[in-house]
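Have a look at the structure below, then the notes.
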Amino acid sequence: MPSLRDAARGRILFGGDYNPEQWPEEVWEDDVRLMKEAGVNSVTLGVFSWAKIEPRPGAREFDWLDRLMDLLHAHDVGVVLATPTASPPPWMGAQHPETLPRSEDGSVVWYGSRQQFCASSPVYRRYAAALTEDLAARYANHPALTVWHINNEYCTHCWCDETAAHFRRWLQNRYGTVEALNEAWGTAFWSQRYDTWSEILPPRKAQYMKNPTQVLDFKRFTSDALLECYVTERDIVARHSPDIPVTTNFMPLWSGQDAWAWSAQEDIVSVDIYPDPKDPLGGQYNAMLADMTRSQAAGPWMLMEQAAGPVNWRGVNHPKPAGLNRLWSLQSVARGADAVCYFQWRQSRQGSEKFHSGMLTHAGEQGRTFREVKGLGAELATIGAAVSGTDVPADVAILHDWDAWWAGAQEGRPSALLDYTEVVRSWHRALWETGISTEFARPEADLGRFKAVAVPQLYLLTDAAIDNLVGYVRGGGTLVCGFFSGVADADDRIRPGGMDVRLRELFGIRTLHEWWPLDTDTTVECDGFRAGLWSEELEPERGTQVVSAYRDGELAGLPAVLRKGRAWYVSTLPEPEALRTLLGRVAEEAGARPVLAGLPADVEAVRRGELLFLLHHGRSTVTVSVPGEQVDLLTGRVVAGSVALGRYGAAVLRSRAAR
Ligand code: GLA
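Read in the numbering used here, the sequence shown has 556 at position 556, and its numbers run on one by one without any break.
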């Protein structure tokens with residue numbers, strides 16, 4: 001199977017989305033000159049080129065793309081060539097309105113923006129496949145081609161009639177009979193029973209709360225329907241060029257796509273990460289998404305897009321202060337990226353993204369952003385050979401699952417304040433701050449190689465997942481599980497007792513009497529810490545160790561954190577410092593250690609292969625003690641005993657003994 005290794009060839013890929021169709025051809029020469037200056041060795045071409053290649057149905061205008069492919073190749077810039085199927089031209093919507101998605105209330109989502117296609121539309125699929133076929137036939141053997149990039153951030157949702165028919169086929173495949181569907185969806189409730197398949201619809205706009213299992217299945221279906229589109233195009237390009245790896249770029253922690261299922265269908269897992277430069281924990285966010293993507297890739301991954309400066313889709317779009325782009329890029333590399341790419345190469349002058357930064361901004365080659373990009377390109381070239389293809393070891397797994405997210409995020413739950421991604425982020429943050437490296441895993445994955453497993457909050461767990469967790473602890477593993485977990489089965493049916501009995505036995509919980517969610521800005525005092533968001537009325541079995549009890553409110557005296565041997569249960573969300581202490585203690589007992597002990601605040605240490613990355617997220621100057629004699633690959637200098645890091649500073653150390 002082709003891989004990122006084939007495309008990177010011992011380098012870190014560096015570059016970005018390149019949209020030359022927005023510029024007169026004379027600019028292209030300037031582009032390649034500046035790409036060379038910046039150390040760009042890879043660009044992503046064609047993402048939004050459908051209307052340029054196929055200006056009217058069936059037309060093919062490839063000449064301009066031929067010239068670009070040749071130009072880039074002549075300058076030794078590899079091409080990640082996109083199938084431009086994310087943004088159909090207006091003619092498709094005008095001539096085939098059934099390709100346009102419909103919202104939950106039946107209104108049409110019109111062209112004039114992008115991504116206006118219904119994934120279930122045979123017409124859309126036919127045009128997309130035909131174009132992919134011709135694109136692949138034309139460029140499969142072009143020497144500039146390094147990676148196929150299918151579509152872009154698959155994310156559309158549609159509730160139209162074509163989708164309804166497709167959804168029914170998907171449901172027939174899942175349930176076989178309408179009776180089985182009625183049973184799974186619990187349609188005895190509110191007179192929702194279906195008599196025939198033809199009555200079943202996507203969960204459209206309704207009078208009051210919708211059937212939650214119908215909503216859950218629709219999310220599963222939508223992810224699968226988009227995946228079918230990806231697989232169709234992937235198979236076409238792979239047929240023409242079996243040695244070229246194929247990817248599609250994810251939005252990370254995006255609810256619309258089950259990235260575990262999708263990544264299994266990719267040769268390269270790639271992702272677009274946009275931390276907010278204003279977020280004091282932007283570095284943690286970047287680390288979390290890097291860890292997640294590396295886990296999906298089971299190795300090196302591709303940062304397909306990030307921003308060199310501000311984006312344009314937040315309320316207030318903050319530029320990156322000097323040094324931050326470099327720091328976060330090196331952090332991505334430390335956490336497994338073998339490609340550091342941007343949206344986009346040259347900032348647009350027209351269209352919706354003219355205030356979104358590029359590597360080359362409106363300020364041009366004298367601008368600070370481009371100067372910093374050039375500096376980064378040179379550094380990545382320096383460390384590329386030592387880094388590329390190497391692994392990032394991690395002893396602790398964080399479990400994450402789309403089904404649990406989809407089922408838990410619906411209406412009618414104990415608290416609308418519960419935000420799954422925020423809980424995951426809190427737990428990752430706690431471990432990140434202890435300096436312990438983490439991976440993400442799905443609940444059914446083989447967990448045997450991890451010293452500890454953390455479940456921030458998995459409302460839905462399949463039987464297989466529960467058996468997996470129980471087996472993991474029986475086999476000697478340490479498990480720490482957050483509140484409101486193991487509540488529902490795969491059909492979103494509440495498990496008897498409100499938490500599966502196997503889990504209650506595992507944690508030593510006799511009865512879960514009630515969930516007691518907390519209001520915004522309300523905290524509850526527990527032994528040793530304060531906590532928020534959630535609490536639970538738990539009755540432990542005799543012999544269960546109460547690690548911390550609630551001290552105030554209705555639950556005073558009842559367990560907040562308990563454990564039975566190596567199985568820990570945390571029934572609330574401790575404040576950040578307390579969660580860090582708690583998870584640090586669990587991990588330490590399990591034998592998981594920070595990468596480097598005694599780090600100054602704001603300094604992150606990551607081991608990748610034989611290298612030690614030190615990343616300073618603060619603005620002061622700090623001194624970090626390091627073992628033995630090392631060489632900083634970024635500067636070539638020998639470091640003995642300690643290294644000083646300035647504002648947003650970084651070092652990439654290799655032990656001299658290792659050489
Ligand atoms: C996404 C898209 C890009 C661009 C950026 C802007 O990642 O893939 O085309 O719109 O967002 O941040």
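C-beta: ideal position from N, C-alpha, C; glycine also. Because the structure is a prediction, the values reported are computed rather than measured.
### Message
Just checking Asn151 against the ligand GLA - is the residue's beta carbon closer than 7 angstroms to any of the ligand's heavy atoms?
### Response
Residue numbering aside, residue 151 sits at position 151 when the sequence shown is read from its first letter. It does not: the Cβ of Asn151 is nowhere closer than 7 angstroms to a heavy atom of the ligand GLA.
#### Entry: Residues that Cys158 bridges to, as DSSP identifies them
Here residue 158 refers to the residue found at position 158 of the sequence shown. Bridge partners of Cys158: none, in fact.
### Message
With a threshold of 8 angstroms, are at least 3 pairs of Cβ atoms found where one atom belongs to the segment 593-605 and the other to the segment 619-637?
### Response
Touching, per the Cβ criterion.
#### Entry: Simplified DSSP state of Met304, which is helix, strand or coil
As a working note, residue 304 is residue 304 in the sequence shown. Assignment of Met304 by DSSP, reduced to helix, strand and coil, places it in the strand class.
### Query
Counting only runs that start and end within the segment 9-64, where is the beta strand (DSSP E) found for 3 or more residues in a row?
Fully enclosed beta strand (DSSP E) runs of 3 or longer: 13-18, 42-45.
### Query
With C-beta atoms as the reference, is Gly377 less than 8 angstroms away from Ala38?
Indexing the sequence shown from 1 puts residue 377 at position 377. Indexing the sequence shown from 1 puts residue 38 at position 38. Taking 8 angstroms as the Cβ cut-off, Gly377 and Ala38 qualify as a contacting pair.
### Message
Given this structure, state the Cα-to-Cα distance separating Ala452 from Val570, to the nearest angstrom.
### Response
The residue you call residue 452 lines up with position 452 of the sequence shown. The residue you call residue 570 lines up with position 570 of the sequence shown. The C-alpha of Ala452 lies about 15 angstroms from the C-alpha of Val570.
### Rounded straight-line distance, which links the Cα of Arg102 to that of Ala206
The residue you call residue 206 lines up with position 206 of the sequence shown. The residue you call residue 102 lines up with position 102 of the sequence shown. Distance between the alpha carbons of Ala206 and Arg102 is about 15 angstroms.
### Query
Trp28 and Leu71 look like a contact to me (Cβ under 8 angstroms); what is the Cβ gap, rounded to whole Å?
For the purposes of this step, residue 28 is identified with residue 28 of the sequence shown, where counting begins at 1. For the purposes of this step, residue 71 is identified with residue 71 of the sequence shown, where counting begins at 1. Going by Cβ atoms, the distance from Trp28 to Leu71 rounds to 6 angstroms, so yes, they are a contact pair.
### Query
Skipping 5 residues on each side, what residues in its chain have a beta carbon closer than 8 angstroms to that of Gly112?
For the purposes of this step, residue 112 is identified with residue 112 of the sequence shown, where counting begins at 1. Correct list, in chain order: Pro90.
### Query
Are the beta-carbon atoms of Ile244 and Leu327 separated by less than 8 angstroms?
What you label residue 244 is simply residue 244 of the sequence shown in a count that begins at 1. What you label residue 327 is simply residue 327 of the sequence shown in a count that begins at 1. Not closer than 8 angstroms, so no.
### Query
According to DSSP, what are the bridge partners of Trp515?
As a first step, residue 515 is located in the sequence shown; it is residue number 515 there, counting from the start. According to DSSP, residue pairing for Trp515 in a beta bridge involves Glu536.
### Message
My output table needs one value for Ile383: the three-state DSSP class, helix, strand or coil.
### Response
Along the sequence shown, read from residue 1 onward, the residue named residue 383 stands at position 383. Annotated three-state conformation of Ile383 is helix, per DSSP.
### Message
Looking only at its chain, what residues have a beta carbon closer than 7 angstroms to the beta carbon of Leu324, apart from the 5 residues adjacent to it on each side?
### Response
Locating residue 324 in the sequence shown gives position 324, counting from the first residue. In its chain, beyond the 5 residues on either side, Pro277, Tyr648 have a beta carbon closer than 7 angstroms to the beta carbon of Leu324.
### Task
Consult DSSP for Ala180 and reduce its assignment to one of helix, strand or coil.
Here residue 180 corresponds to residue number 180 of the sequence shown, with the count starting at 1. In this structure, Ala180 counts as helix in the three-state DSSP scheme.
### Task
Look at Pro252 and Leu289 and say whether their C-beta atoms are less than 8 angstroms apart.
The count along the sequence shown starts at 1 and reaches residue 252 at position 252. The count along the sequence shown starts at 1 and reaches residue 289 at position 289. A contact, by the Cβ cut-off of 8 angstroms.
### Message
Tell me the rounded alpha-carbon separation between Gly584 and Ala592.
### Response
Start at 1 with the first residue of the sequence shown, and residue 584 comes out as number 584. Start at 1 with the first residue of the sequence shown, and residue 592 comes out as number 592. Rounded to whole angstroms, Gly584 to Ala592 spans 9 angstroms at the Cα level.
### Task
Mind the definition here: the segment 392-399 touches the segment 435-445 only if three or more C-beta pairs lie below 8 angstroms; say whether that holds.
Yes: the two stretches touch, three or more of their Cβ pairs being nearer than 8 angstroms.
### Query
The beta strand (DSSP E) spanning Phe440 covers which residue range?
Along the sequence shown, one-based indexing puts residue 440 at 440. Start and end: 438-441.
### Query
Under a Cβ-count criterion, where at least 16 other Cβ atoms within 10 Å of its own Cβ denotes burial, should Ile494 be classed as buried or exposed?
On the sequence shown, residue 494 is found 494 positions in, with the first residue counted as 1. Counting Cβ neighbours within 10 Å, Ile494 comes out exposed, since fewer than 16 surround it.
#### Entry: Rounded separation between Asp492 and Gln457 - CA only
Counting from one through the sequence shown, the residue named residue 492 turns up at place 492. Counting from one through the sequence shown, the residue named residue 457 turns up at place 457. Taking the CA atoms as reference points, Asp492 sits about 15 angstroms from Gln457.
### Closest by C-alpha distance to Val43, when choosing among Gln22, Lys52, Leu68, Trp50
Here residue 43 refers to the residue found at position 43 when the sequence shown is read from its first residue. Out of Gln22, Lys52, Leu68, Trp50, Leu68 has the C-alpha closest to the C-alpha of Val43.
### Query
Would you call the CB atoms of Gly660 and Ser357 closer than 8 angstroms?
The displayed coordinates of the chain run from 1 to 659. Any statement about residue 660 would go beyond what the structure contains.
### Message
Once DSSP output is grouped into helix, strand and coil, what is the label at Ile236?
### Response
Position 236 of the sequence shown, counted from the start, is the residue given in the question as residue 236. If DSSP states are grouped into helix, strand and coil, Ile236 belongs with the helices.
### Task
Kindly indicate the opening and closing residues of the beta strand (DSSP E) around Ser625.
Walking along the sequence shown from the start, residue 625 turns up at place 625. Here the beta strand (DSSP E) through Ser625 covers 622-632.
### Query
How long is the line joining the alpha carbons of Pro97 and Gln115, rounded to whole angstroms?
Along the sequence shown, one-based indexing puts residue 97 at 97. Along the sequence shown, one-based indexing puts residue 115 at 115. Answer to the nearest angstrom: the Cα atoms are 14 angstroms apart.
### Query
Helix, strand or coil for Gly584 per DSSP?
Counting from one through the sequence shown, the residue named residue 584 turns up at place 584. Gly584 carries a helical assignment under DSSP once its states are collapsed to helix, strand and coil.
#### Entry: Tyr274 beta carbon near the ligand GLA (any heavy atom closer than 7 angstroms)
Here residue 274 corresponds to residue number 274 of the sequence shown, with the count starting at 1. Using a cutoff of 7 angstroms, the CB of Tyr274 counts as near the ligand GLA, since one of the ligand's heavy atoms is closer than that.
### Query
Does the separation of the CB atoms of Asp632 and Leu653 fall below 8 angstroms?
Working through the sequence shown from its first residue, we reach residue 632 at position 632. Working through the sequence shown from its first residue, we reach residue 653 at position 653. With respect to Leu653, Asp632 sits close: the two C-beta atoms are nearer than 8 angstroms.
### Query
Which residue comes first and which comes last in the alpha helix (DSSP H) that contains Trp91?
Working through the sequence shown from its first residue, we reach residue 91 at position 91. That run of the alpha helix (DSSP H) goes 90-95.
### Message
What does the alpha-carbon distance come out to for the pair Ala560 and Ala567?
### Response
On the sequence shown, position 560 is the one that residue 560 refers to. On the sequence shown, position 567 is the one that residue 567 refers to. Computed Cα separation, rounded: 14 angstroms.
### Task
Could you tell me the distance, in whole angstroms, from the CA atom of Arg204 to the CA atom of Thr361?
Taking the sequence shown and counting its residues from 1, one reaches residue 204 at position 204. Taking the sequence shown and counting its residues from 1, one reaches residue 361 at position 361. Going from the Cα of Arg204 to the Cα of Thr361 covers about 43 angstroms.
#### Entry: Residues bridged to Gly315 [DSSP beta-bridge criterion]
Along the sequence shown, read from residue 1 onward, the residue named residue 315 stands at position 315. Per DSSP, Gly315 has no beta bridge partner at all.
### Query
At what residues does the alpha helix (DSSP H) containing Trp254 begin and finish?
Here residue 254 corresponds to residue number 254 of the sequence shown, with the count starting at 1. Unbroken run through Trp254: none, as it is neither H nor E.
### Task
Could you tell me whether the Cβ atoms of Asp217 and Val246 are closer together than 8 angstroms?
For this step, residue 217 is matched to residue 217 along the sequence shown. For this step, residue 246 is matched to residue 246 along the sequence shown. Cβ atoms of Asp217 and Val246: not closer than 8 angstroms.
### Query
Taking 8 angstroms as the CB-CB cut-off, is Ser223 touching chain C?
No chain C is part of this structure, which consists of one protein chain only.
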